[in-house]
Every structure is written in C-alpha cells, then in structure tokens.
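Enquirer:
Residue numbers (my numbering), protein chains in the order written: chain A, 763 to 1313; chain B, 579 to 749.
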C-alpha cells in the first residue's frame, strides 16, 4: 500500500474545498452549466440519464480496507447502496445529488481518496496490473512508477485542457493484465542490458469510434527520464492534436495522421530539450516513493498446507480454487480474484454490505489490501493458502464466490442505456441474459477462457473491440441492433475483433453467442485449444456461416 | 473587461490594434501577430511600448527573435477548454527566457488562474468582474504542486527531500 503523507493529504483537501466553492457558484447561478461542466468533469461528475454520476479514482487499482469502507459509506449515505467498478479500476456511483457531492468528496478525502481527473480532457487515473507487487516473475512493482506518474499528472498546469482525454497504463509482467496496448500511453516496465529499469513506451492506442492498437514509440526510456518523455509526448499532443472534431481528437488520430515515425521525431526533438531538466528523477526520489509502499510481513508457510489438502475433497471448493486462485510470488500465499459477475447480475456491481464485508475479510485474510482489475472484478492479493477454505466459505455467503473468472460469464459491460446518456442500446440486460444462458459451471469450464465485452454505443466503454467476442449496441431505425465481432483481445497480443456479419436484434444476441460457442466447440482441435486460438487458426468464416445459416 | 496584473485590478495601458487600424502616434499598443511580423521594424522604432497578440495555433518560435524587444505577449484562450496557450506560455518562459508581461486573453475564468500562474502568465484579462476581484484569494487555493514549472514553486517531491534531509540532520 502507498501511504499518503501530509503533502498528499493537503492537496486532496485543497481540491475538495475548491470543488465545494465551484458547486456553490453553480448552485447560485454564478457559473453557467457550460462553465461548470468542465469543472465537474475534472472531478469525475457526469450528468447521466437520470442523475449525476460520480466516478471515484482508485489509482492503479489498490485499495486499503478503510478506503473500501469509505466507498461503502458513500454508496449508503449518498447513493442507493451500491457502486459499480469500472474498466479503468475506478468506481462509479449512479444516483448522487450535486449539492451533496462536496460532502461525499470530503468523506473520501479523510481516507486519501479523491475523484480528480476521472473524467474530462485531462490525464486520467493511471492504471496498472491488479496483481502488481505479488505476481510471480514481475520485473518490479509497477505501482512505484504508477504513483510517481499519478503525482506528476495531478492538476498538471499545462495539460489539464487537452484536445481529449488521455489515459496511461503500466505493466511489469510478460502477461499484460493492464491492457496497455489500448491506452494513449502504454508503459511496459523492462530492464536494459545493464540491468537498469526503464520502459518500452507505446503510444496511440484506444478504442471508441476509430480503434487503434498502440505502437511502440521508443524501445527503452530510462526510468529517470520517464516523466520528461511523457511530458514531451503530451506537449506535442497538446499543441497539434485536433480540436475541431471530438471524434478525431484523441492522440491515436494524431499518431495515425502523422505516422509513428514523424510523430516520434517530434517527440524526440521536444524530449531532447527537456530531458536534462528538473523533470529528471533521481534515485532518492524513487526510493522515497518506494519507501511509502508497505508490503505485508509474510510468514514462512508450506506450499501445500493441511487445510487445503482437506478442503480438496469438496468439489465446490475445488471448482472455485481452480478458477479464482492464482499463484503468488511468495510460497504459501495466493492471489484470490473475486468475481463481481454473479449469474443474472450487472457486471462490476457491489453493494455497500458486500464492500464492508470484503473489507473485513481483507483485514482478516489479505493484510488489509484489496485490488480492482480492469475486468471489473476485485482481488485479495495476499491470502495464505491455509486460509483459502475459510475465505471461500465467507465469500460464498456474500454471493462473491462465483467460479467464473476468465470464463464466458465474466463479462465486461458498460452501463449502457440503463444509465448512460450517450448510449444507443442496453448493455447490462445482454450481459445478464448471457450469464443465465451459461450459468452451468461445467459448460463454462468446458468452453474455457473466453472474454465477452459489451458496449452500448460506439464510444466503446465496454471494450467490445478487444473482446474475444465483442458486442456493440447501436441504434437503427429506432431499434437496438447489435454488431458482433470475434477475435479481439486486450493482452500483450492485443488485436481488434472482426465483424462476423449484419447486426442482430436484442432478443437474438444470446442465441448468436450460443451459436458461436457451439461452432467453436465443434471446430476446436482439442479441448486445450482456446476460443481465441480456433478463431486465429480458422478465421471468422466458419463462425459466420454457423450464425447466419439459419438467419 | 478587468485586467489583473501583479495580483491587482489595474488600468490597461495597452491599446489593442486590429490588422488594419491606423497606427496611433504614441502610446502602448498590442498588435496581432501577423501585422507585428509584417511591420516589426517600424513598430519597434516608434515611441511607446509594443506587445503582440499571438494566436494559439501559430508556432511560437517565429516570435523568438523579437522577445527582447516586445513589452508584452498576449496569448489566447478562444474558449477555456482550449489549452494550447499553456504550452506556449511555458515555452516562452522556460525555454526562451521571456521576462516581459505574459498576458492571458480570451475566455479567462477564475478556475484557470492557478494553472495560468504556474505556466508563467502574470497578467490576465478576466472575463468576469467577480472573478477578477477574487484573483488573490483564488491564487492561494493550492499550496501543494506536483510538477516543476518555471514559476519556481517547490514541488511535492522536492519538499519531501528537504524534509527528509532536515530530519536527517537532527539524528
């Protein structure tokens, strides 16, 4: 965990009082809605279909239990008793009242939580691997760098009014759980031949109306230069990014229009001017940030404790363990993913009671720490293996032990037309129906790893382009129509999905997904060949034939 | 529109000229970039100070040869959502060491003052009277800054280092 010091706390409190003043001026009419809109967006406040929506930052997806309890408190006191975890490791509350927002922010500030730059055309919350610091084989904990960048990007005096939003993600593992290739800047932490820490820098990824996979702009930027390099990218973007058309304003379009070579030359020129400035980070600064991340006092524990051996007789426990428990870098410990995708539920929702209960479980079994992943699930990052059976029982009672992590019912979905004023179609009911269709765990397991991502409009908040099966809701002649893609992925081999054919109606979506899955089961060479691999081997054609043969 | 300079509301000593306004005999003038570049020599020879109004989509390096001679540079925020002039301001101050008046014009509102001060602006044509009156109070909203800029305010990272070293002395 990163511990805020007095300096960080002061800034968060200053931000709360600034926002309180802004809300007051809006309510008195001193600020027009047009003027206020940008100010509230910079504090994570959107106006949705029914009410204001409030998005709270969870930097790099790490939460302490007192912070999770504070989120539960906000859900209970200012909202309708639940919150919604997002694909950028944030949480959203959907029913907040404008006049109460400053108080909600003040309550969160007490535990070092804020909503700065969770929306608006600025540098958004920095995201990272939800297994950072505990994943085996990781180069080093990427959160040290995430925190450094979080600080640098917070209330940046030059880059708070960019052409469009700007997202940075960092990973330090071979397997990319942070989806860095669909970010404006993706950072892959690596070591050079001298053993020094640095980054492969990728730029220009993003989904939305014109999706692009990020391209490598520089193969190695030394850690001490990372802030100046990011600053150089931002300065080029701030000056030359398009501002005439909201759909062409992301950096991906600038990179595409200039070409990566020309864009990288512009950045290089700018960088050479600023790299030897006060942006250079000395080791002492890094060490200071590192020293404020605390790690649990792990015990020396056996690889296979008796508790685990005994519990193995229970098939339900075993199903959950095999699905939701991952290896930890320390022997005797595990990383436990908590599925927020129960059968029939909206993906990513958690009630205040669940959040409080999870905080208690994290205190008891995970050294007081919780993580949020971009797949809209939570994780307990330091669970002793001997505690797994007891933890499972407790999670099961809370409805938080659905063993479907990475399976077909572990769906990413945006809020869609149920909440969002931009949406053209519903997302959540599609996800709910699919979780019911594939509720049989043996069937889901037989299918194996398969990610379905659903967006209710072209803005792609549900990351449909990079779903193994992607579902995009659009509006056609006043009706919801869904376009289906297959073959997308968001990991280190990121790719955009391919459309399989004409859109289908709301009631047909689940049937189409079933057809695709049946085709896959019939086409795969062996059970270990995952859906993605079959699509890669055969292309979309056989799936298309199957889906449209009877339609 | 009130002008804030040095933290106070002041009278604007400059008269703004359009592209085709006849040149007044004396007095201080602010001239659009295009006209300035076209007539620079003549403008700089006359009595009275000369400033230039520089649009946010024009390369600031064109102005660099004149920076020692102009008394003011006015950068433009066509709307407060358009942040290009922040980059221009920092380049002028930090890369080209411009020390004259750096004025924010256009849709200049209270909630941008701190960003503008940090980027190097020291004069503000403020859209609303109430915002201009609240300038000093608003400028003090923040005491913590995470980024180093040319305004010289100490960053959080460096303040921590100082604290660390001063603690180190005692022990």
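We put the CB at the ideal spot given by N, CA and C, even for glycine.
By the three-class DSSP mapping on this structure, what secondary structure does residue 1018/A have?
Expert: Position 256 of the first chain, counted from the start, is the residue given in the question as residue 1018/A. Looking at residue 1018/A - three-state DSSP - the assignment turns out to be helix.
Enquirer: Taking residue 888/A and residue 853/A to be in contact with their CB atoms under 8 Å, please state how far apart those CB atoms are, rounded to whole angstroms.
Expert: As a first step, residue 888/A is located in the first chain; it is residue number 126 there, counting from the start. As a first step, residue 853/A is located in the first chain; it is residue number 91 there, counting from the start. About 16 Å separates the two Cβ atoms, so there is no contact after all.
Enquirer: Mapping DSSP to helix, strand and coil, what is residue 770/A?
Expert: Translated into positions along the first chain, residue 770/A becomes position 8. Helix, per DSSP.
Enquirer: When Cβ atoms are compared, which residues of the segment 727–738 of chain B fall closer than 9 Å to chain A?
Expert: 727, 729, 733, 734, 735, 736, 737 and 738
Enquirer: Residue 1131/A bridges to which residues according to DSSP?
Expert: Residue mapping note: residue 1131/A aligns to position 369 of the first chain, counting from 1. Its beta-bridge partners are 826/A.
Enquirer: Identify the contact partners of residue 725/B in chain A, using a Cβ-Cβ distance below 7 Å as the criterion.
Expert: As a working note, residue 725/B is residue 147 in the second chain. Result: 914, 918 and 919.
Enquirer: Would you tell me roughly how many angstroms separate the C-alpha atoms of residue 856/A and residue 845/A, rounded to the nearest one?
Expert: Locating residue 856/A in the first chain gives position 94, where the first residue counts as 1. Locating residue 845/A in the first chain gives position 83, where the first residue counts as 1. Taking the straight line joining both Cα atoms gives about 8 Å.
Enquirer: Could you tell me if residue 694/B is buried or exposed, where buried requires 16 or more neighbouring beta carbons within 10 angstroms of its beta carbon?
Expert: Your numbering for residue 694/B matches position 116 in the second chain. With 16 or more other Cβ atoms from the protein chains shown falling within 10 Å of its own Cβ, residue 694/B counts as buried.
Enquirer: What are the residues in the segment 692–707 of chain B lying within 7 Å of chain E by C-beta distance?
Expert: No chain E is part of this structure, whose protein chains are labelled A and B.
Enquirer: Look at the Cβ atom of residue 960/A, then the Cβ atom of residue 954/A, and state whether they are nearer than 8 Å.
Expert: Here residue 960/A refers to the residue found at position 198 when the first chain is read from its first residue. Here residue 954/A refers to the residue found at position 192 when the first chain is read from its first residue. Yes. Within cutoff.
Enquirer: So which residues of chain B does residue 1040/A contact, with C-beta pairs closer than 7 Å?
Expert: Locating residue 1040/A in the first chain gives position 278, where the first residue counts as 1. Under the 7 Å cutoff, chain B gives 726.
Enquirer: What does the Cβ neighbour count give for residue 919/A, buried or exposed, with the cut at 16 atoms within 10 Å?
Expert: Taking the first chain and counting its residues from 1, the one referred to as residue 919/A is at position 157. So residue 919/A ends up on the buried side.
Enquirer: Run the CB neighbour count on residue 1202/A, radius 10 Å, all protein chains shown included, and call it buried at 16 or more, exposed below.
Expert: In the first chain, the residue the question calls residue 1202/A occupies position 440. Exposed.
Enquirer: Secondary structure at residue 1170/A, three-state DSSP: helix, strand or coil?
Expert: By 1-based counting over the first chain, the position of residue 1170/A is 408. Looking at residue 1170/A - three-state DSSP - the assignment turns out to be coil, as it is neither helix nor strand.
Enquirer: Would you mind giving the Cβ-Cβ distance between residue 727/B and residue 696/B, rounded to the nearest angstrom? I have them listed as a contact below 8 Å.
Expert: Here residue 727/B refers to the residue found at position 149 when the second chain is read from its first residue. Here residue 696/B refers to the residue found at position 118 when the second chain is read from its first residue. 5 Å between Cβ atoms; contact.
Enquirer: How would you label residue 604/B, buried or exposed, when you count the other beta carbons within 10 angstroms and need 16 or more for buried?
Expert: Taking the second chain and counting its residues from 1, the one referred to as residue 604/B is at position 26. A residue is called buried once 16 or more other Cβ atoms fall within 10 Å of its Cβ, and residue 604/B, having fewer, is exposed.
Enquirer: Does residue 1024/A pass the burial test, meaning 16 or more other C-beta atoms within 10 Å, or should it be called exposed?
Expert: Along the first chain, read from residue 1 onward, the residue named residue 1024/A stands at position 262. Result: exposed.
Enquirer: With 16 as the cutoff for other CB atoms within 10 Å, does residue 981/A come out buried or exposed?
Expert: Looking up residue 981/A in the first chain gives position 219. Classification of residue 981/A: exposed, given that the 10 Å Cβ count is below 16.
Enquirer: Between the alpha carbons of residue 749/B and residue 1125/A, how many angstroms are there, rounded?
Expert: Along the second chain, read from residue 1 onward, the residue named residue 749/B stands at position 171. Along the first chain, read from residue 1 onward, the residue named residue 1125/A stands at position 363. Residue confidence for residue 749/B is low, a pLDDT of 44 falling below 50, so the modelled location carries little weight and cannot support an answer.
Enquirer: Measure the Cβ-Cβ separation of residue 935/A and residue 897/A and say whether it is below 8 Å.
Expert: Residue numbering aside, residue 935/A sits at position 173 when the first chain is read from its first letter. Residue numbering aside, residue 897/A sits at position 135 when the first chain is read from its first letter. Contact flag set, yes.
Enquirer: Any beta-carbon of chain B closer than 8 Å to the one on residue 922/A?
Expert: The residue labelled residue 922/A in the question sits at position 160 within the first chain. True, the Cβ-Cβ gap to chain B drops below 8 Å.
Enquirer: Assuming residue 1218/A contacts residue 1235/A (C-beta within less than 8 Å), just tell me the rounded distance between them.
Expert: Here residue 1218/A refers to the residue found at position 456 of the first chain. Here residue 1235/A refers to the residue found at position 473 of the first chain. 5 Å between Cβ atoms; contact.
Enquirer: Residues bridged to residue 610/B by DSSP?
Expert: Along the second chain, read from residue 1 onward, the residue named residue 610/B stands at position 32. Bridge partners of residue 610/B: 631/B.
Enquirer: Taking only beta carbons into account, state which residues of the segment 948–972 of chain A come closer than 9 Å to chain B, listed in chain order.
Expert: none
Enquirer: Flag this pair as yes or no: are the beta carbons of residue 925/A and residue 1011/A separated by less than 8 Å?
Expert: Taking the first chain and counting its residues from 1, one reaches residue 925/A at position 163. Taking the first chain and counting its residues from 1, one reaches residue 1011/A at position 249. Yes. Within cutoff.
Enquirer: Measuring only the C-alpha atoms, how far is residue 1213/A from residue 1015/A?
Expert: Taking the first chain and counting its residues from 1, the one referred to as residue 1213/A is at position 451. Taking the first chain and counting its residues from 1, the one referred to as residue 1015/A is at position 253. Straight-line Cα distance between these residues: approximately 27 Å.
Enquirer: May I ask which residues mark the beginning and end of the beta strand (DSSP E) holding residue 720/B?
Expert: Here residue 720/B refers to the residue found at position 142 of the second chain. Premise fails: residue 720/B is in no beta strand (DSSP E) and is neither H nor E.
Enquirer: Taking residue 1082/A as the reference, which of 1206/A, 877/A and 1092/A has the closest Cα?
Expert: Stepping through the first chain from its first residue, residue 1082/A is reached at position 320. The option with the nearest alpha carbon to residue 1082/A is 1206/A.
Enquirer: Of all the options 1247/A, 1292/A and 1155/A, which has the alpha carbon lying nearest to the alpha carbon of residue 1309/A?
Expert: Reading the first chain from its first residue, position 547 is the one you call residue 1309/A. The shortest C-alpha separation from residue 1309/A is found at 1247/A.
Enquirer: Could you tell me the alpha carbon to alpha carbon distance between residue 703/B and residue 1002/A, rounded to whole angstroms?
Expert: For the purposes of this step, residue 703/B is taken as residue 125 along the second chain, with counting starting at 1. For the purposes of this step, residue 1002/A is taken as residue 240 along the first chain, with counting starting at 1. So the alpha carbons of these two residues sit roughly 25 Å apart.
Enquirer: Check the C-beta distance from residue 724/B over to residue 913/A and give it rounded, since I have them as a contact under 8 Å.
Expert: On the second chain, residue 724/B is found 146 positions in, with the first residue counted as 1. On the first chain, residue 913/A is found 151 positions in, with the first residue counted as 1. With a Cβ gap of about 4 Å, residue 724/B and residue 913/A count as contacting.
Enquirer: When every heavy atom of the ligand SAH is checked, does at least one fall within less than 7 Å of the C-beta of residue 911/A?
Expert: The ligand SAH is not part of this structure, which contains no ligands at all.
Enquirer: Let's test the definition: count the other Cβ atoms within 10 Å of the Cβ of residue 666/B and tell me whether it reaches 16, buried, or not, exposed.
Expert: Taking the second chain and counting its residues from 1, the one referred to as residue 666/B is at position 88. Flag for residue 666/B reads buried.
Enquirer: Is any beta-carbon of chain A found at less than 8 Å from that of residue 660/B?
Expert: Taking the second chain and counting its residues from 1, the one referred to as residue 660/B is at position 82. Between residue 660/B and chain A, the shortest Cβ-Cβ separation is below 8 Å.
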